[in-house]
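Peer 1:
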Amino acid sequence: MKYLALIPARYASTRFPGKPLADIHGKPMIQRVYERCRGVFGEPCYVATDDSRIEQAVAAFGGKAIMTSTAHRSGTDRCAEALDTAERLTGERFDVVVNIQGDEPFIAVEQLEQIRRCFDDPATRIATLVKPFGPDEDILNPNSPKVVLSTTGDALYFSRSPIPFLRGVPREEWQARHTYLKHIGLYAYRSDVLREITRLAPSTLEQAESLEQLRWIENGYPIRTAVTHAETHAIDTPEDLQRVLDLFPTEDTK
């Protein structure tokens with residue numbers, strides 16, 4: 114199996130412009146993501162970006178970047194273009210593309226290994242990670258998508274609302290009475306499947322929830338999941354960055 118690790122990265126974030134270049138203990142955020150991914154998947158590993166400032170920063174630390182269109186609506190779309198470019202550059206054909214969020218500088222190595230192991234099963238077409246909500250996390254937060262699974266570990270549905278609805282149970286007791294799962298935005302796809310799903314038209318459920326993965330499910334693509342218990346530390350705002358720096362005050366972030 115040949116894996117291609119891709120890290121989509123935009124400069125123009127509404128809540129945190131220039132986020133991939135934010136300094137974390139002397140390294141830009143994108144470098145920390147890149148080094149973790151390369152440590153698991155090896156070469157080639159690319160940052161897929163539409164901004165020359167990010168491309169230059171990646172080159173400065175010795176990484177590899179692929180320039181992509183500014184018109185992409187999602188990181189998945191950006192990965193599909195970068196896959197074609199990577200195969201032209203390397204002359205290789207990749208079996209699986211791994212899409213790693215550029216705002217997870219301390220992503221756990223075990224999570225990257227988990228998503229890779231999903232493809233030990235030849236039936237896996239798309240894979241992602243889920244994690245039980247902690248007692249201090251809010252299942253009502255629409256920015257934390259929830260997911261319910263089949264008995265075989267495939268995703269049945271993703272929603273910004275708490276799912277399932279616990280009939281006859283006061284809402285304030287839901288989290289104590291059921292293990293709710295949140296979606297971790299780390300994807301991997303068979304290369305042919307990645308190309309197929311990015312050619313699909315936006316679906317009704319996707320537009321209703323603003324979750325691209327619903328398009329894939331609605332069109333019959335199963336999404337295999339693996340359950341992680343490792344903490345995640347996504348950075349969406351400058352306040353998130355400060356919180357993470359407080360959690361990891363030194364270079365030792367493992």
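The sequence shown runs 114 to 367 under my numbering.
Don't be surprised by glycine CBs; every beta carbon is placed ideally from N, CA and C.
Bear in mind the structure is a predicted one, so any value in this text is a computation, not a measurement.
1) Do Ala-301 and Cys-231 have their beta-carbon atoms positioned less than 8 Å apart in this structure?
2) CA-CA distance, His-291 and Ala-172?
3) How do the segment 132-149 and the segment 202-210 stand: do at least 3 beta-carbon pairs fall below 8 Å, yes or no?
4) What is the DSSP secondary structure of Phe-278, counted as helix, strand or coil?
5) Can you have a look at Gly-333 and say buried or exposed, based on whether 16 or more other CB atoms are within 10 angstroms of its CB?
6) Can you have a look at Thr-127 and say buried or exposed, based on whether 16 or more other CB atoms are within 10 angstroms of its CB?
7) By Cβ distance, which residues of its chain are closer than 6 Å to Ala-240, with the 5 residues on each side in sequence left out?
8) Met-142 lies in the alpha helix (DSSP H); which residues open and close that run?
9) Could you check the C-alpha separation between Asp-163 and Ala-268 for me, to the nearest Å?
10) Taking the CB atoms as reference points, tell me whether Phe-271 and Leu-324 lie closer together than 8 Å.
11) With 16 as the cutoff for other CB atoms within 10 Å, does His-342 come out buried or exposed?
12) Can you tell me whether Glu-319 sits near the ligand FMN, meaning its C-beta is under 7 Å from at least one heavy atom of the ligand?
13) Taking the straight line between their C-alpha atoms, what separation do you get for Asp-197 and Glu-331?
14) Given a cut-off of 8 Å, decide if Ala-199 and Pro-157 are closer than it, judged by their beta-carbon atoms.
15) Name the one or two DSSP bridge partners that Ile-297 has.
Peer 2: Inspection of the coordinates gives the following:
1) Here residue 231 corresponds to residue number 118 of the sequence shown, with the count starting at 1. Here residue 301 corresponds to residue number 188 of the sequence shown, with the count starting at 1. The answer is yes: Cβ separation under 8 Å.
2) Start at 1 with the first residue of the sequence shown, and residue 291 comes out as number 178. Start at 1 with the first residue of the sequence shown, and residue 172 comes out as number 59. Roughly 47 Å between the two C-alpha positions.
3) no
4) The residue given as residue 278 occupies position 165 in the sequence shown. Per DSSP, reduced to three states, the secondary structure at Phe-278 is coil, with no helix or strand assignment.
5) As a position in the sequence shown, residue 333 is number 220, starting the count at 1. Looking at its Cβ environment, which holds fewer than 16 other Cβ atoms inside 10 Å, Gly-333 is exposed.
6) For the purposes of this step, residue 127 is taken as the residue at position 14 of the sequence shown. Thr-127 comes out exposed.
7) Within the sequence shown, numbered from 1, the residue matching residue 240 stands at position 127. The answer, listed in chain order, is Ile-228, Cys-231, Ala-301, Arg-337.
8) Along the sequence shown, read from residue 1 onward, the residue named residue 142 stands at position 29. Element bounds for Met-142: 142-154.
9) Counting from 1 along the sequence shown, the entry for residue 163 is found at position 50. Counting from 1 along the sequence shown, the entry for residue 268 is found at position 155. The alpha-carbon atoms of Asp-163 and Ala-268 are separated by roughly 31 Å.
10) Counting from one through the sequence shown, the residue named residue 271 turns up at place 158. Counting from one through the sequence shown, the residue named residue 324 turns up at place 211. Yes, the Cβ-Cβ distance between Phe-271 and Leu-324 is below 8 Å.
11) Against the sequence shown, residue 342 aligns to sequence position 229. His-342 is exposed by the Cβ-count criterion.
12) Looking for the ligand FMN in the displayed structure turns up nothing, as the structure carries no ligands at all.
13) Residue 197 sits at position 84 when you count from the first residue of the sequence shown. Residue 331 sits at position 218 when you count from the first residue of the sequence shown. Spanning the two alpha carbons is a distance of roughly 25 Å.
14) If you number the sequence shown from 1, residue 157 lands on position 44. If you number the sequence shown from 1, residue 199 lands on position 86. It is a contact, given that the beta carbons lie within the stated cut-off.
15) In the sequence shown, counting from the first residue as 1, residue 297 sits at position 184. Note: Ile-297 sits in a beta bridge opposite Leu-242.
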